[in-house]
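In this note's numbering, the protein residues as written are 25 to 349.
Quick reminder that beta carbons are idealized off the backbone N, C-alpha and C, glycines included.
Remember, predicted model here, so these are calculated numbers, not experimental data.
First the structure, in the form of structure tokens, and then the observations on it.
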Amino acid sequence: MRWFLLGLFSVMVRSLYPQSLVIAGCELQSQVKLAEQLIEKTREKNWNRTTWEALCRENGFVAVGSENVVYLIPIYYTPDFVEYSLIPFIDHVAQLQLSAVVLDTLPKPMQPVALALTARLPNRLLMGVSSAETAEKNLRSGAIALGLSAGWLFDGVSAEDATESGRVFVDLKRLQRNPTKILETFPLGQLTSTSTETTTLERWQFVFSHPLSLARRVEHLKAYLEWVLALHQQLRSHWEATKQRAQAILHPNEISLQPAGVYSLSEIANILDGVGRIIPLSDKTPEQLIYREWRVWITVIQKDSAGTGTREVMISLEELMGLAP
Numbered sequence: 025m026r027w028f029l030l031g032l033f034s035v036m037v038r039s040l041y042p043q044s045l046v047i048a049g050c051e052l053q054s055q056v057k058l059a060e061q062l063i064e065k066t067r068e069k070n071w072n073r074t075t076w077e078a079l080c081r082e083n084g085f086v087a088v089g090s091e092n093v094v095y096l097i098p099i100y101y102t103p104d105f106v107e108y109s110l111i112p113f114i115d116h117v118a119q120l121q122l123s124a125v126v127l128d129t130l131p132k133p134m135q136p137v138a139l140a141l142t143a144r145l146p147n148r149l150l151m152g153v154s155s156a157e158t159a160e161k162n163l164r165s166g167a168i169a170l171g172l173s174a175g176w177l178f179d180g181v182s183a184e185d186a187t188e189s190g191r192v193f194v195d196l197k198r199l200q201r202n203p204t205k206i207l208e209t210f211p212l213g214q215l216t217s218t219s220t221e222t223t224t225l226e227r228w229q230f231v232f233s234h235p236l237s238l239a240r241r242v243e244h245l246k247a248y249l250e251w252v253l254a255l256h257q258q259l260r261s262h263w264e265a266t267k268q269r270a271q272a273i274l275h276p277n278e279i280s281l282q283p284a285g286v287y288s289l290s291e292i293a294n295i296l297d298g299v300g301r302i303i304p305l306s307d308k309t310p311e312q313l314i315y316r317e318w319r320v321w322i323t324v325i326q327k328d329s330a331g332t333g334t335r336e337v338m339i340s341l342e343e344l345m346g347l348a349p
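Given below as structure tokens:
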């Protein structure tokens with residue numbers, strides 16, 4: 025009888041907790057809910073690790089670790105973000121006539137681009153929101169649309185630093201948007217400035233599949249952060265290739281501009297004729313300019329204060345990928 029009860033207790037414990045210990049790190053409240061649902065899936069009788077890992081990726085997490093311990097890491101900290109979410113997002117938006125999209129029309133694998141944007145937003149006040157949760161709510165409600173901006177950046181020869189003094193930007197024409205058509209297609213509503221969430225995450229929150237002692241929790245949190253740092257370093261190593269792939273999608277035709285090459289304004293106009301629009305970033309434009317780099321931004325699009333046009337905030341890919349200094 026004793027062995028029967030012990031065996032029954034063992035079965036109950038196995039059904040209560042998944043076979044593998046799962047630890048999920050979350051920066052947004054919505055990620056906490058998803059992580060809890062994904063952990064619950066591991067308790068199902070027909071749980072398949074490979075299928076489950078694919079489901080995790082579809083929901084914005086990458087599963088790493090061992091057979092016994094699994095760490096769920098937000099995909100935008102890993103190299104998978106480039107292949108699975110970011111490049112498909114750039115390709116998708118570039119093919120749209122409006123060069124803009126709202127979150128609920130995005131295929132699910134591309135939605136982590138928006139999550140990365142809300143988690144890493146450099147200045148949420150620029151979007152008129154107070155927290156990452158509020159930014160996400162506005163994205164999900166359609167009050168905010170997303171687009172792309174890209175082009176070529178030049179500095180005046182006399183400029184000794186990389187400030188906007190003496191800078192010229194050549195905006196890629198194919199990505200320019202018509203505010204009237206944007207509002208006709210996406211009736212961007214008023215921004216919600218506060219979140220209805222009872223909890224706003226200001227730091228990481230971790231979800232554990234098993235109850236653990238404090239010492240074990242600390243041990244696994246250290247291991248988790250080591251994974252995050254290692255994977256994010258791998259993501260950093262993909263940066264130049266990612267930028268080149270984005271350029272190949274947005275402007276596949278070769279442009280004869282040499283990095284650090286010196287060009288006159290008229291030469292730039294001839295080289296990029298019909299391709300880009302020259303935008304001086306200072307009151308006085310130098311006669312000679314140094315070509316610095318090709319750049320890509322995710323553009324946050326909102327209705328302007330008058331409600332008749334749009335305003336845009338540009339977030340660089342470096343900021344989106346957490347690579348900005």
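Residue interval of the beta strand (DSSP E) (run including residue i)
| i | result |
| --- | --- |
| residue 318 | 312-327 |
| residue 63 | Note, residue 63: premise wrong, no beta strand (DSSP E); alpha helix (DSSP H) at 53-65. |
| residue 301 | 300-304 |
| residue 347 | From DSSP, residue 347 is part of no beta strand (DSSP E); its letter is neither H nor E. |
| residue 172 | 169-180 |
| residue 89 | 85-89 |
Residue i, DSSP secondary structure in three states
| i | result |
| --- | --- |
| residue 128 | helix |
| residue 104 | helix |
| residue 430 | Outside the displayed span of the chain (25 to 349) sits residue 430, for which this structure offers no information. |
| residue 187 | For residue 187, the predicted structure reports a pLDDT of 47, less than 50, and the residue's modelled location is therefore unreliable. The matter cannot be settled from this model. |
| residue 123 | coil |
| residue 94 | strand |
| residue 195 | strand |
| residue 149 | With a pLDDT of 49 at residue 149, under the threshold of 50, the modelled position of that residue is not reliable, and the figure given next carries that caveat. Here residue 149 sits in helix by DSSP. |
| residue 41 | Note that residue 41 scores a pLDDT of 47, beneath 50, so its modelled location is shaky; the value from the coordinates is reported in the next line. Looking at residue 41 - three-state DSSP - the assignment turns out to be coil, as it is neither helix nor strand. |
| residue 33 | Caution is warranted here: a pLDDT of 35 is assigned to residue 33, below 50, making its placement in the model unreliable, and no coordinate value can be reported. |
| residue 25 | In this prediction, residue 25 has a pLDDT of 45, which is less than 50 and means its spatial position is unreliable; what the coordinates show is noted afterwards. Reduced to three states, the DSSP call for residue 25 is coil. |
Endpoints, alpha helix (DSSP H) assigned at residue i
| i | result |
| --- | --- |
| residue 290 | 289-295 |
| residue 335 | Taken as a continuous stretch (DSSP letters only), residue 335 belongs to no alpha helix (DSSP H), being part of the beta strand (DSSP E) at 334-340. |
| residue 165 | 156-165 |
| residue 136 | 136-144 |
| residue 47 | Here residue 47 belongs to no alpha helix (DSSP H); instead the beta strand (DSSP E) covers 45-50. |
| residue 11 | Limits of the chain in this structure are 25 at one end and 349 at the other, which puts residue 11 out of reach. |
Rounded distance between the beta-carbons of residue j and residue i, thought under 8 Å
| i | j | result |
| --- | --- | --- |
| residue 20 | residue 334 | Past the boundaries of the shown model lies residue 20; the chain is included only from 25 to 349, so the question cannot be answered. |
| residue 229 | residue 50 | 5 Å |
| residue 288 | residue 312 | 6 Å |
| residue 106 | residue 251 | Rounded, the Cβ-Cβ distance is 18 Å, inconsistent with contact. |
| residue 99 | residue 109 | 6 Å |
| residue 22 | residue 104 | Residue 22 is absent from the model: the chain starts at 25 and stops at 349. |
| residue 177 | residue 317 | 6 Å |
| residue 302 | residue 292 | 7 Å |
| residue 323 | residue 338 | 5 Å |
| residue 191 | residue 179 | 6 Å |
| residue 201 | residue 123 | 6 Å |
| residue 44 | residue 94 | 5 Å |
| residue 320 | residue 172 | 7 Å |
| residue 207 | residue 308 | Wrong, their Cβ atoms sit about 35 Å apart, outside the cutoff. |
Original post:
So does the stretch 292-299 actually touch the stretch 135-145, counting three or more Cβ pairs closer than 8 Å?
Top reply: no
Subject >> Minimum length 4: unbroken alpha helix (DSSP H) runs contained in the stretch 209-269 >> reply: 238-261
Original post:
Three or more C-beta pairs closer than 8 Å, one from the stretch 200-217 and one from the stretch 162-174: is that the case here?
Top reply: yes
Subject >> Validate contact between the stretch 75-82 and the stretch 246-258 using beta carbons, cut 8 Å, 3 pairs >> reply: no
Original post:
Is the stretch 234-249 close to the stretch 59-76, with three or more CB pairs under 8 Å?
Top reply: no
Subject >> Sufficient close CB pairs (3 or more, under 8 Å) joining the stretch 261-273 to the stretch 110-121 >> reply: yes
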